[in-house]
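Participant: First the structure, which I've put down as structure tokens, then a few questions once you've had a look.
2 protein chains.
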Amino acid sequence: MADWQKISGGITAPKGYRAAGIRAGLKPSGLPDLALIVSDVPAIAAGVFTTSHVCAAPVQYCRERLQAKANAQAILCNAGQANAATGAQGWTTVLDQAQLVGDALNLPPESVFVASTGVIGKPIPLDKIRTALPTLIDQLTDSGSDAAAQAIMTTDLVPKAIALEADFDGHPIRIGGIAKGSGMIHPNMATMLAFVTCDAAVSPHLWQEMVSRASDRSFNQITVDGDTSTNDTLLALANGQSRTPAIIDPGPIAERLEAMLTDVCMYLAKSIARDGEGATCLLEIQVQGANDDASAREIARTVAGSMLFKSAVFGRDPNWGRIAAAVGRAGVYFDQNNLSIQLGDILMMEQGQPLNFDRAAANAYLVQQAQRANQSESGQSVSHPVVIQISIGQGGGQGIAWGCDLSYEYVKINAEYTT
Amino acid sequence: MADWQKISGGITAPKGYRAAGIRAGLKPSGLPDLALIVSDVPAIAAGVFTTSHVCAAPVQYCRERLQAKANAQAILCNAGQANAATGAQGWTTVLDQAQLVGDALNLPPESVFVASTGVIGKPIPLDKIRTALPTLIDQLTDSGSDAAAQAIMTTDLVPKAIALEADFDGHPIRIGGIAKGSGMIHPNMATMLAFVTCDAAVSPHLWQEMVSRASDRSFNQITVDGDTSTNDTLLALANGQSRTPAIIDPGPIAERLEAMLTDVCMYLAKSIARDGEGATCLLEIQVQGANDDASAREIARTVAGSMLFKSAVFGRDPNWGRIAAAVGRAGVYFDQNNLSIQLGDILMMEQGQPLNFDRAAANAYLVQQAQRANQSESGQSVSHPVVIQISIGQGGGQGIAWGCDLSYEYVKINAEYTT
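Those sequence lines, one after another, are chains A and B.
The first sequence begins at 1 in the UniProt record's numbering and counts up by one.
The second sequence begins at 1 in the UniProt record's numbering and counts up by one.
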């Protein structure tokens, strides 16, 4: 059981962080589109970025900054233009963005990180950012998480934020996070952005390791449509303002902080999957019995990404054959006579043999989970996933992935003529 | 230029083959569902099968047969039940199918190959096959290709068949093929089946090599939804009834036969992609400038399979950003400053720089190709693909992949509640 508690405040819940989000006129819709996150003091920074060989200028920029020094004090994020496939001009723009923020906050530009999401191939109107910046900085506050979470959204239906607090030897450490997901901004592409703040003091190398592992178990385990973005970015800051003892080496304290960090990332990841374009429910695929965790995760991801299975779930069809087929093509060897598949608490296949399960009950489970997921306040609860349990053998490897169903709405959102 | 001609006759165009297809009552629809292909003499056999670790009993059976001896004289194929995920019973059924056909044709059961497509996890009603077999054999004819092509269909809209003839030193050699594609049979899954007949005499090892390479350049380069089937099967027979000199070794003659075989496979593969569930047009992705052909093919496949790009094509949206993003995530390294993308004859990105192309013309091209593809006699022409040309550098590696757009109809076909 987790021995921490959920608190309000998102990325400004941890001590020593302020944030803001405003309308800068970058989105045609006129919605908020420029966010700034600032730490009171230089923070240890870690990042995980898209694996795409076509990556946006801000991704290249952040990678280079992190390689030079694992330190950051501010993150500027705009929505509206992705600054991807923008050639040499795109690179100049990201340098200018960092310079503008650095000048305004009296920080070295190297300590300003930049992220973008939106249309590919369109330049960011830098003058609009220049104009908006004084207001943005003026609105920085230690309760600014919600405004920032709103400003990084594209076609997300709801903002995504969480904060956790745990007691470390009598002193609280807090981790907060915001994310945007698999919304598409016309006319281009989905991007996953996540920003995490932490007020613990952690050594740079350890923090990067923690962030990478947490990302592997969360953001790398969600899929909406399999289309890795040019801009995917997770940036995580640790600023030491909790005044708790610095966490330098691996050990129980570091493990506990990492577990808490992973929880933050998993919540954000699930929120992104749940808010996948056109989604009506959240899928949670649990795999066990693999030789190692990586194999189990790969199978879970493959099932979560199967268009056939996703379509079946949208139709509330307990189509276990499509699950079996997806498991088989994941690239992980196993003996199909060991394959068992369960939907909710209904066993559908056991040790390679199909069972005569209650199809009406299985259908009812799918209907019910989708209803529950949509009855929450936001209509976007992650508390009622459709759970698939898969076992492929006797190994100790396990993994979980999250996804969503495939609906007419997905096609509609992405087929609409927009250029 | 290919120095062979298209002829009619499909798999019964080559000498020494007969085929039939009838209604055996395996499909709930009552449509033809049982096909038989027979060579007058034992033929050299080669096969390529699904890479899925969950594979159907007939796939396991054919693999074992080919490993034991590269010889076959008959292929029985049913549509309606996939005989996949059927446990021990499935294995018994496939042995019984081969035995029944062997007994009826007075052939050793080892020379009878079996393929299935349809619902996963449901047993094949063997009694219906037993009952239908005398009629099926009675209808075997050297013009039976069409009947067989019809009987292997699931939700395919049109049967898929081709035959080519070339002159080898004054004597004709013929290759024919039929295939079924990415239709889904309720309530389960898409399967690709292809059967190729050839009347040349080819040594077993050489024939398998030719078939494997041809498959790599055709069937392995199409994607409808990325869901590899449990039953995917290509079986190719070479029976020597052309009476042309046996082709034993690699060389110009073998290369020419392989090119012709590849042409047959490519035509069938394109037909399958064009007839992808819900598709309104065929996509042809041409990639050049890679370090090797395999890398180029991988990129082409990734673009052809991108849900975002497929949705955009359905919306007739010349969304090159989604193409660039898909190229980037294919897992092949390249310098994004070398990336060029062209739609039809409209250059959209050159050497990493986005161009101000004529968007109306690009949209018109997409509209026009879809119209042309649907104006043909069958409504399923493969002659007017939407062509995307991608260059990633100066390397000599090139590759092509085919796919189709993603429409509401795809979701409808696969979401319908059916169990």
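Even for Gly, the Cβ is constructed at its ideal location relative to N, Cα and C.
Using C-beta distances below 7 angstroms, list every residue in its chain close to L157(A), excluding the 5 sequence neighbours before and after it, in chain order.
Facilitator: Answer for L157(A): D275, Q380, listed in chain order.
Participant: Using alpha carbons as the reference points, say which of G90(A), G87(A), E258(A), R329(A) lies closest to S203(A).
Facilitator: Nearest of G90(A), G87(A), E258(A), R329(A) to S203(A), Cα basis: E258(A).
Participant: Could you say if the region 208-228 of chain A and the region 123-139 of chain A meet the contact criterion of at least three C-beta pairs nearer than 8 angstroms?
Facilitator: Not touching, per the Cβ criterion.
Participant: I need the straight-line Cα distance from L36(A) to A238(A), nearest angstrom please.
Facilitator: Spanning the two alpha carbons is a distance of roughly 16 angstroms.
Participant: Where does the unbroken alpha helix (DSSP H) through Q398(B) begin, and where does it stop?
Facilitator: Looking at the DSSP string, Q398(B) is not in any alpha helix (DSSP H); the run it does join, the beta strand (DSSP E), is 395-404.
Participant: Y333(A): which of A2(B), V54(B), L34(B), R18(B) sits nearest, CA to CA?
Facilitator: Taking only the C-alpha atoms, the option nearest Y333(A) is V54(B).
Participant: Could you work out which residues of chain A lie near Q353(B), taking near to mean beta carbons separated by less than 7 angstroms?
Facilitator: Within chain A, the residues near Q353(B) are G87.
Participant: With 9 angstroms as the threshold, decide whether the Cβ of L339(B) is near any Cβ in chain A.
Facilitator: Interface residue, yes.
Participant: Measure the CB-CB distance between I388(B) and L283(B) and report whether it falls below 9 angstroms.
Facilitator: In this structure, L283(B) lies closer than 9 angstroms to I388(B) by Cβ.
Participant: Taking buried to mean at least 16 other C-beta atoms within 10 Å of its own C-beta, is N319(A) buried or exposed?
Facilitator: When all chains shown are included, N319(A) counts as buried.
Participant: Under 8 angstroms between beta-carbons, which chain B residues line up against G118(A)? List them in chain order, please.
Facilitator: Simply none; closest approach about 10 angstroms.
Participant: Going by beta carbon distance, what residues of the same chain come within less than 7 angstroms of R18(B), once the five residues before and after it are set aside?
Facilitator: Here the set comprises T12, V38, L140, T141, D142, G144.
Participant: From M210(B) to S218(B), what distance separates their C-alpha atoms?
Facilitator: Approximately 12 angstroms between the Cα atoms of the pair.
Participant: For Y410(B), I'd like the list of residues in its chain whose CB is within less than 6 angstroms of its CB, leaving aside the five on either flank, ordered along the chain.
Facilitator: For Y410(B), where only same-chain residues beyond five positions count, the Cβ hits under 6 angstroms are E277, G278.
Participant: Rounded to whole angstroms, what is the Cα-Cα separation between S29(B) and G118(B)?
Facilitator: Those two C-alpha atoms are separated by around 12 angstroms.
Participant: How far does the beta strand (DSSP E) with S271(A) in it reach, from first residue to last?
Facilitator: Segment 252-274 is the alpha helix (DSSP H) holding S271(A); no beta strand (DSSP E) there.
Participant: For N414(A), would you say it is in contact with chain B, using Cβ-to-Cβ distances shorter than 9 angstroms as the test?
Facilitator: Yes - at least one Cβ of chain B is within 9 angstroms of the one on N414(A).
Participant: From this set, A98(B), L355(B), V327(B), L347(B), which residue's C-alpha is nearest A401(B)'s C-alpha?
Facilitator: Ranking A98(B), L355(B), V327(B), L347(B) by Cα distance to A401(B) puts V327(B) first.
Participant: Per the DSSP calculation, D167(A) is bridged to which residue(s)?
Facilitator: Paired residue(s): P172(A).
Participant: Less than 6 angstroms between C-beta atoms, sequence neighbours within five positions excluded: which residues of the same chain meet that for R372(B)?
Facilitator: Only H384 meet the Cβ criterion.
Participant: Note the first and the last residue of the continuous alpha helix (DSSP H) segment covering P282(A).
Facilitator: Sequence inspection shows Leu at residue 282(A); the Pro mentioned does not correspond to that position. Segment 282-289 is the beta strand (DSSP E) holding L282(A); no alpha helix (DSSP H) there.
Participant: For D345(A), go through chain B and note every residue whose CB falls closer than 8 angstroms to its CB, in chain order.
Facilitator: Near D345(A) there are no residues of chain B at all, since even the closest Cβ is about 18 angstroms away, more than 8 angstroms.
Participant: Using beta carbons (cut-off 9 angstroms, strictly below), is Q99(B) in contact with chain A?
Facilitator: False, the Cβ-Cβ gap to chain A never drops below 9 angstroms.
Participant: Please list, in chain order, all residues of the same chain as N188(B) whose beta carbon is under 6 angstroms from its beta carbon, the five residues on each side excluded.
Facilitator: With a pLDDT of only 38 at N188(B), under the threshold of 50, the placement of this residue in the model should not be trusted, and no figure is reported.
Participant: Within 10 angstroms of its Cβ, does N337(A) collect 16 or more other Cβ (buried), or is it exposed?
Facilitator: N337(A) should be labelled exposed.
Participant: May I ask you to report which of helix, strand or coil DSSP gives M189(B)?
Facilitator: Residue placement at M189(B) is flagged as unreliable, the pLDDT there being 41, under the threshold of 50; a coordinate-derived value is accordingly withheld.
Participant: So for C55(A), helix, strand or coil by DSSP?
Facilitator: Coil at C55(A), not helix or strand.
Participant: Helix or strand or just coil, what does DSSP make of P42(A)?
Facilitator: Correct three-state label for P42(A): strand.
Participant: Determine contact between the region 252-268 of chain A and the region 354-374 of chain A, defined as no fewer than three beta-carbon pairs at a distance below 8 angstroms.
Facilitator: The region 252-268 of chain A vs the region 354-374 of chain A: no contact.
Participant: Going by DSSP, name the residue or residues bridged to residue 447(A).
Facilitator: Because chain A spans 1 through 419 in this model, residue 447(A) falls outside it and cannot be assessed.
Participant: On the three-state DSSP scale, how would you describe S311(B)?
Facilitator: Helix, per DSSP.
Participant: Against chain B, which members of the region 308-327 of chain A pass a CB distance test of less than 9 angstroms?
Facilitator: Flagged, chain order: L308, F309, K310, S311, A312, V313, F314, G315, R316, D317, P318, N319, W320, G321, R322, A324, A325, A326, V327.
Participant: What's the gap between the Cα of M184(A) and the Cα of L406(A)?
Facilitator: Below a pLDDT of 50, predicted positions are generally treated as unreliable, and M184(A), at 44, falls in that range; no measurement from the model is reported.
Participant: Can a CB atom of chain A be found closer than 9 angstroms to the CB of F168(B)?
Facilitator: No, F168(B) lies away from the interface with chain A (no Cβ there is under 9 angstroms from its Cβ).
Participant: Determine the chain B residues that contact V287(A) at a beta-carbon separation under 9 angstroms, and present them in chain order.
Facilitator: The premise fails here: V287(A) is roughly 13 angstroms from chain B at the closest Cβ pair, so nothing lies under 9 angstroms.
Participant: Among V386(B), T93(B), Y61(B), which one has its Cα closest to the Cα of D345(B)?
Facilitator: Comparing Cα-Cα distances from D345(B) to each of V386(B), T93(B), Y61(B), the minimum goes to V386(B).
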